[in-house]
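Before any comments, here is the structure.
2 protein chains.
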Amino acid sequence: MSRHPGQGSPALIAANNHENGQTEMIRVVVDAMGGDYAPREIVRGAVEAARQPNIEVILVGQREAVEKELSGCDLDGARISTCWAEETVSMDEDPVRAIRRKPNSSIAVGIKLVKSSHSSAFVSGGSTGAVAAAALLILGKKKGISRPALGIVFTSPSGPVLFLDVGANPDCRPQHLVQFAEMGNVYMKRIFSISEPRIGLLSNGEEETKGDKLTRATYQLLAKGGLNFLGNVEGHDLPRGKADVVVTDGFTGNVVIKLSEGLGEVFAELSKQAVDNNPIFREAEKRILNYTALGGAFLLGVKGNVIITHGRSDAAAIKQAVRIAEQMVRQRVTEAIGH
Amino acid sequence: MSRHPGQGSPALIAANNHENGQTEMIRVVVDAMGGDYAPREIVRGAVEAARQPNIEVILVGQREAVEKELSGCDLDGARISTCWAEETVSMDEDPVRAIRRKPNSSIAVGIKLVKSSHSSAFVSGGSTGAVAAAALLILGKKKGISRPALGIVFTSPSGPVLFLDVGANPDCRPQHLVQFAEMGNVYMKRIFSISEPRIGLLSNGEEETKGDKLTRATYQLLAKGGLNFLGNVEGHDLPRGKADVVVTDGFTGNVVIKLSEGLGEVFAELSKQAVDNNPIFREAEKRILNYTALGGAFLLGVKGNVIITHGRSDAAAIKQAVRIAEQMVRQRVTEAIGH
Chain A
741 MSRHPGQGSP
751 ALIAANNHEN
761 GQTEMIRVVV
771 DAMGGDYAPR
781 EIVRGAVEAA
791 RQPNIEVILV
801 GQREAVEKEL
811 SGCDLDGARI
821 STCWAEETVS
831 MDEDPVRAIR
841 RKPNSSIAVG
851 IKLVKSSHSS
861 AFVSGGSTGA
871 VAAAALLILG
881 KKKGISRPAL
891 GIVFTSPSGP
901 VLFLDVGANP
911 DCRPQHLVQF
921 AEMGNVYMKR
931 IFSISEPRIG
941 LLSNGEEETK
951 GDKLTRATYQ
961 LLAKGGLNFL
971 GNVEGHDLPR
981 GKADVVVTDG
991 FTGNVVIKLS
1001 EGLGEVFAEL
1011 SKQAVDNNPI
1021 FREAEKRILN
1031 YTALGGAFLL
1041 GVKGNVIITH
1051 GRSDAAAIKQ
1061 AVRIAEQMVR
1071 QRVTEAIGH
Chain B
741 MSRHPGQGSP
751 ALIAANNHEN
761 GQTEMIRVVV
771 DAMGGDYAPR
781 EIVRGAVEAA
791 RQPNIEVILV
801 GQREAVEKEL
811 SGCDLDGARI
821 STCWAEETVS
831 MDEDPVRAIR
841 RKPNSSIAVG
851 IKLVKSSHSS
861 AFVSGGSTGA
871 VAAAALLILG
881 KKKGISRPAL
891 GIVFTSPSGP
901 VLFLDVGANP
911 DCRPQHLVQF
921 AEMGNVYMKR
931 IFSISEPRIG
941 LLSNGEEETK
951 GDKLTRATYQ
961 LLAKGGLNFL
971 GNVEGHDLPR
981 GKADVVVTDG
991 FTGNVVIKLS
1001 EGLGEVFAEL
1011 SKQAVDNNPI
1021 FREAEKRILN
1031 YTALGGAFLL
1041 GVKGNVIITH
1051 GRSDAAAIKQ
1061 AVRIAEQMVR
1071 QRVTEAIGH
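Those sequence lines, one after another, are chains A and B.
In terms of my numbering, the first sequence is numbered consecutively and its last residue is 1079.
In terms of my numbering, the second sequence is numbered consecutively and its last residue is 1079.
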C-alpha cells in the first residue's frame, strides 16, 4: 500500500468536521480493475474525480496496469494515491468463493480500506455479486437490516426516484421490502432533502388487492407503518416519478432496469437513424432510460458506503460514481440506516 | 339477438372447410362496450374488420349506443350483425362477481356466443379480469392446462416474440410456467410457422443458477422437457428478440409491459419535442415499445379464442384485434393447446 492511514479514523474525522460546519475531505477507494473498460477509463475517471474540491481518491488494482494508465494522465491538482491488489475477480466466478479465496483482489482490498476506516466509500464496476459479497462478509450488515439492497436513482419529470432492490435479493419476504422502503426513505431525505419521501410499492395494479402474495402482504405492512406510503405503483408509473422511492424484490427490479436499458438502446439506435446525434435524444437516453448512466447502484444496509457502477462505465461515469459516494458520506446515509 | 345461429356449428363448419383447403368464413364477436373509446371506436373498427374477406363480425352491446354509432358508419360491404346486451361491467368491479351477477353484460353474452359455437372468437377491450373470469367460468380451461395465461406478441429485430403471462396469474408455480412455454410453443408454430420456437425464461441473469426460486425451479423443468429451451433471457434481451417465446409469472410480465408502455410514452413525448411527428418515431413507438398497439393480448388455455384489447384501443386497434382472432381461429391454436 502506497498510502497509510494516519492516527485518526478518516470517517470519524469527516463526521466531526461536518458537525462543525466545515467541508471535510472525503476519501473514496476506486476499483481500477472492475468494468468493461478497466483499467483505462476507471483510472481516468478517478483522476478527474480527484480534482474535485475536498475529494481524495485511492486507486486499488494491479500495479503494472494502474501505473501504466496513470503515466498517461495529467495528475496535476489530483489528490490521488494507489494501493496494490494483484488478484482480480472475474464476472463469472462464484461471488462468495471468489472473495474468500482471493483476499488480495481489488474488491476485497478496497472494501477492507473502508472497513478499517481508512476510506469512507468504495466504488467498483466489477461483479455485482462479488462486491455485494465482499460488503457482507467484510463490512457486515447494519443492525436491524436483514437484507441489504441494491438501489439506483433515476430522474423523472417529477424529480429523482430511488428504485430498489435491483438485484441483490431475488427472493424476498414482506419484511425485507419494508426495510427497503425504510432505507430508501433515509436515502431520499438525506441526499435529496425530501422531507417526507413518497413510498410506492411496484405492483401489477393500483388497488391494494392487486399484486403477487409478496406484494399484497407488503402492502398491508407499509399501510400500517410510519412512512409516507402512496400505495401500489405500476410499471408505467416508474418513469413518471409517481413516487420518490419505489420498492420491489430483486428479481423484478433487475428485470426492470435491464429492460429499460435494452429499450433505451433500441430507442437510441432508432434515433440515430432519424436524426444523427441529436442532443435531445442523447439527453433523453441518459436521463430517462439508461438508469445506469447516472453513476451506478449503491448497496444500502451494509456498514459502509459501497457504489457498484455499470460494467460499461467510462471515465465520466466513474467520476459521477465518486460524486455519489461523496454525497452518501457527507449526508451520512449509512449512519442513518438501521442502528 | 338480431342474428340467429343456423343448424350447424359455425366453428365446426369452419374447421371442416379449412380441412378441405377452402377459405372458411370466420365469425368474431366484438364487445362494443369495452375500452376507453367505446362504443364509437370499437364500432368503427368492427365495421372496418367486417369488410375484410371471409370475416363476419357480431357487435355485442347496448342497443341504443350501438345503433347510434352504426348509424354514422358506412356499412356497405361490411358483414356485421348485432346482439344486444344491456348490462356493462366497469373496470373497478370484482371480475368474478361481475360475471356472475351480470349474465346480460356484453362480456358474458359475447363469451356465451363462443361457448355455443355461434362464433369462433371474442374480442373485448373491457376489464381484463372480467373477460378472463368469463372465459374461465363460461368456456372453461382446456384439459391439461391448470392456468390459462395472457400473452402478447411484439415485434423485434429478429421477428415476433410471444411474451406471457402478462397478468392473468400473479403467483405461479414452476409447472405453470412450463405450461405457458408449451402454449407459447403451439402459438408460434401455428401463427408464425416457426418450426421449433426458441423458448426463453425471463430471469435476472443468464446462468441457470440465476433467478428467484420460481425461475430456478422452472429452468430445471424446461431443461428436461421436449421444447427448444434456450435458457434464461434477461430484461435487455426482450426487445432484442433473443427468444421466440419468453415466459414469466403474471406479476413480472405485467410490470414489464406497463413499464415498456410508460417508457414508450416518455420517448414519444421527447421525440415530439425534437422532431414533430417524425414518422420513424411513430413507427418505433408502435413497433417496439407499445406492445399493445399490436392488437391486444390473447388468453391461451381456455376452450375458445379470447382476445383482450388495450383499454385505449381505437378503431385501427380493434380491426387488428379481429385479425388476430381470425388467425387464431384459422390456425386452430386453441384446438392444439392441451387436449
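Every residue gets a Cβ at the ideal spot worked out from N, C-alpha and C, and that includes glycine.
So what's residue 891(A) in DSSP terms, helix, strand or just coil? Numbered from 1 along the first sequence, position 151 holds the residue referred to as residue 891(A). Three-state result, residue 891(A): strand.
Closest to residue 874(B) by CA distance: which of 847(B), 1054(B), 861(B) is it? As a working note, residue 874(B) is residue 134 in the second sequence. Residue 847(B) is the option with its Cα nearest to residue 874(B).
So is residue 858(B) in contact with chain A if we call contact Cβ pairs under 8 Å? Start at 1 with the first residue of the second sequence, and residue 858(B) comes out as number 118. Taking Cβ atoms only, chain A never reaches closer than 8 Å to residue 858(B), which makes this a no.
Might you give, ordered along the chain, the residues of its own chain that have their beta carbon closer than 6 Å to the beta carbon of residue 951(A), omitting 5 neighbours on each side? Residue numbering aside, residue 951(A) sits at position 211 when the first sequence is read from its first letter. Excluding sequence neighbours, residue 951(A) sits near 943.
Just list the residues that DSSP pairs residue 843(B) with in beta bridges. Along the second sequence, one-based indexing puts residue 843(B) at 103. DSSP output for residue 843(B) lists no bridge partner at all.
Suppose you measure from the CA of residue 1007(A) to the CA of residue 977(B); what does that come to, to the nearest Å? The residue you call residue 1007(A) lines up with position 267 of the first sequence. The residue you call residue 977(B) lines up with position 237 of the second sequence. Going from the Cα of residue 1007(A) to the Cα of residue 977(B) covers about 14 Å.
What are the residues that DSSP puts in a beta bridge with residue 900(B)? Here residue 900(B) refers to the residue found at position 160 when the second sequence is read from its first residue. Answer is 895(B).
Measure the C-alpha to C-alpha separation of residue 1004(B) and residue 997(B) and round it to an integer number of angstroms. Locating residue 1004(B) in the second sequence gives position 264, where the first residue counts as 1. Locating residue 997(B) in the second sequence gives position 257, where the first residue counts as 1. Answer to the nearest angstrom: the Cα atoms are 10 Å apart.
With a threshold of 8 Å between beta-carbons, can residue 970(A) be considered close to chain B, or not? Translated into the one-based positions of the first sequence, residue 970(A) becomes position 230. No, residue 970(A) lies away from the interface with chain B (no Cβ there is under 8 Å from its Cβ).
By the 7 Å beta-carbon criterion, what residues does the region 920-949 of chain A contribute toward chain B? 942, 944
Cα-Cα separation, residue 855(A) to residue 991(B): By 1-based counting over the first sequence, the position of residue 855(A) is 115. By 1-based counting over the second sequence, the position of residue 991(B) is 251. Rounded to whole angstroms, residue 855(A) to residue 991(B) spans 39 Å at the Cα level.
Taking residue 892(A) as the reference, which of 800(A), 885(A), 985(A) has the closest Cα? Your numbering for residue 892(A) matches position 152 in the first sequence. Selected option, being the one with the closest Cα: 985(A).
Any beta-carbon of chain B closer than 8 Å to the one on residue 810(A)? The residue you call residue 810(A) lines up with position 70 of the first sequence. Taking Cβ atoms only, chain B never reaches closer than 8 Å to residue 810(A), which makes this a no.
Under 8 Å by beta carbon: chain B residues contacting residue 815(A): Along the first sequence, read from residue 1 onward, the residue named residue 815(A) stands at position 75. Chain B residues near residue 815(A): none, gap ~37 Å exceeds 8 Å.
So that I know if they touch, is there some Cβ in chain B lying closer than 8 Å to that of residue 903(A)? Counting from one through the first sequence, the residue named residue 903(A) turns up at place 163. Not an interface residue.
Minimum Cβ-Cβ distance from residue 776(A) to chain B less than 8 Å: On the first sequence, residue 776(A) is found 36 positions in, with the first residue counted as 1. So no, residue 776(A) is outside the interface.
Is the CB-CB distance between residue 1049(A) and residue 1056(A) below 8 Å? Position 309 of the first sequence holds residue 1049(A). Position 316 of the first sequence holds residue 1056(A). In this structure, residue 1056(A) does not lie closer than 8 Å to residue 1049(A) by Cβ.
Rounding to the nearest angstrom, what Cα-Cα distance links residue 957(B) and residue 811(B) in this structure? On the second sequence, position 217 is the one that residue 957(B) refers to. On the second sequence, position 71 is the one that residue 811(B) refers to. Distance between the alpha carbons of residue 957(B) and residue 811(B) is about 56 Å.
Taking the CB atoms as reference points, tell me whether residue 822(B) and residue 853(B) lie closer together than 8 Å. Residue mapping note: residue 822(B) aligns to position 82 of the second sequence, counting from 1. Residue mapping note: residue 853(B) aligns to position 113 of the second sequence, counting from 1. Not a contact, by the Cβ cut-off of 8 Å.
Minimum C-alpha distance to residue 980(B) - residue among 965(B), 783(B), 963(B), 940(B): Here residue 980(B) corresponds to residue number 240 of the second sequence, with the count starting at 1. Of 965(B), 783(B), 963(B), 940(B), the residue nearest in Cα terms is 940(B).
For a cutoff of 8 Å on Cβ pairs, would you count residue 976(B) as touching chain A? Numbered from its first residue, the second sequence carries residue 976(B) at position 236. Yes, residue 976(B) lies at the interface with chain A (some Cβ there is under 8 Å from its Cβ).
Span of the beta strand (DSSP E), counted from its first residue to its last, around residue 822(A): Residue numbering aside, residue 822(A) sits at position 82 when the first sequence is read from its first letter. Where residue 822(A) is concerned, the enclosing beta strand (DSSP E) stretches over 820-824.
Contacting residues, own chain, Cβ-Cβ under 6 Å from residue 946(A) (five flanking each side not counted): Counting from one through the first sequence, the residue named residue 946(A) turns up at place 206. Same-chain partners within the cutoff: 972.
Taking Cβ positions only, does residue 911(A) come closer than 8 Å to chain B? Locating residue 911(A) in the first sequence gives position 171, where the first residue counts as 1. Interface residue, yes.
Shorter than 8 Å from the beta carbon of residue 894(B) to some beta carbon of chain A? On the second sequence, position 154 is the one that residue 894(B) refers to. Answer no: the Cβ-Cβ gap between residue 894(B) and chain A never drops below 8 Å.
Nearest-angstrom Cα distance between residue 793(B) and residue 1046(B)? By 1-based counting over the second sequence, the position of residue 793(B) is 53. By 1-based counting over the second sequence, the position of residue 1046(B) is 306. Roughly 21 Å separates the two Cα atoms.
Using the beta-carbon count (16 or more within 10 Å), is residue 988(A) buried or exposed? For the purposes of this step, residue 988(A) is identified with residue 248 of the first sequence, where counting begins at 1. The residue in question, residue 988(A), is buried, as its Cβ has 16 or more Cβ neighbours within 10 Å.
Tell me, which residues are paired with residue 771(B) by DSSP? Translated into positions along the second sequence, residue 771(B) becomes position 31. According to DSSP, which records beta bridges pairwise, residue 771(B) is partnered with 800(B).
List in chain order: all unbroken alpha helix (DSSP H) runs of 4+ residues lying wholly within the region 911-957 of chain A. 914-932
Other residues of its chain near residue 797(A): CB distance less than 6 Å, five sequence neighbours each side excluded: Position 57 of the first sequence, counting from 1, holds the residue named residue 797(A). 768, 770, 786, 789, 790, 820, listed in sequence order.
Which residues share a DSSP beta bridge with residue 863(B)? One-based indexing of the second sequence puts residue 863(B) at position 123. Per DSSP, 770(B), 1047(B).
Out of 1079(A), 1070(A), 1061(A), 1067(A), which one is the CA nearest neighbour of residue 783(A)? Here residue 783(A) refers to the residue found at position 43 of the first sequence. Here the closest residue by C-alpha is 1061(A).
The alpha helix (DSSP H) enclosing residue 1061(A), as first and last residue numbers: Position 321 of the first sequence, counted from the first residue, corresponds to residue 1061(A). Residues 1055-1070.
Should residue 882(B) go down as buried or exposed, given a rule of 16 or more other Cβ atoms within 10 Å for buried? To locate residue 882(B), count along the second sequence from 1; it is residue 142. Per the 10 Å Cβ criterion, buried.
According to DSSP, is residue 1039(B) helix, strand or coil? Working through the second sequence from its first residue, we reach residue 1039(B) at position 299. Strand at residue 1039(B).
Which of the residues in the region 986-1006 of chain B, read from start to end, lie with their CB under 9 Å from any CB of chain A? 988, 989, 990, 991, 992, 993, 994, 995, 996, 997, 998, 999, 1000, 1001, 1002, 1003, 1004, 1005, 1006
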